[in-house]
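Have a look at the structure below before the remarks.
Residue numbers (this note's numbering): 227 to 293.
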C-alpha cells in the first residue's frame, strides 16, 4: 500500500514499525514521495517512549481528568 499512498501515519512504540517492515526507511524506499508521519503519546525517545498508551494514559499525567 505504501507504494501507492500519499501519506502514512503510524502510532506504534519505537521500533515496532521497523519490525513490521513499515518503518520510514522501508516505506520511503517503496515510495520516495510518501509523507511519513509518526504520532506517539510518549515520543520516540525518553523514559516513557517504550510504554504503550492510549487517550486516557496520555491525559492522566496532565491532570486534565481531574477537571
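Quick reminder that beta carbons are idealized off the backbone N, C-alpha and C, glycines included.
Bear in mind the structure is a predicted one, so any value in this text is a computation, not a measurement.
Quick one, are the C-beta atoms of residue 233 and residue 261 less than 8 angstroms apart? Here the question's residue 233 lines up with position 7 in the chain shown. Here the question's residue 261 lines up with position 35 in the chain shown. The Cβ atoms of residue 233 and residue 261 lie closer than 8 angstroms to each other.
Identity of the residues DSSP links to residue 262 by a beta bridge: For the purposes of this step, residue 262 is identified with residue 36 of the chain shown, where counting begins at 1. DSSP output for residue 262 lists 234 as bridge partner(s).
Three-state secondary structure (DSSP) at residue 273? Position 47 of the chain shown, counting from 1, holds the residue named residue 273. Annotated three-state conformation of residue 273 is coil, per DSSP.
Residue range of the alpha helix (DSSP H) that residue 256 falls in? Taking the first residue of the chain shown as 1, we reach residue 256 at position 30. Note, residue 256: alpha helix (DSSP H), 250-256.
Between residue 227 and residue 293, what straight-line distance do the alpha-carbon atoms span, to the nearest angstrom? Against the chain shown, residue 227 aligns to sequence position 1. Against the chain shown, residue 293 aligns to sequence position 67. Near 42 angstroms, if we compare the C-alpha coordinates of residue 293 and residue 227.
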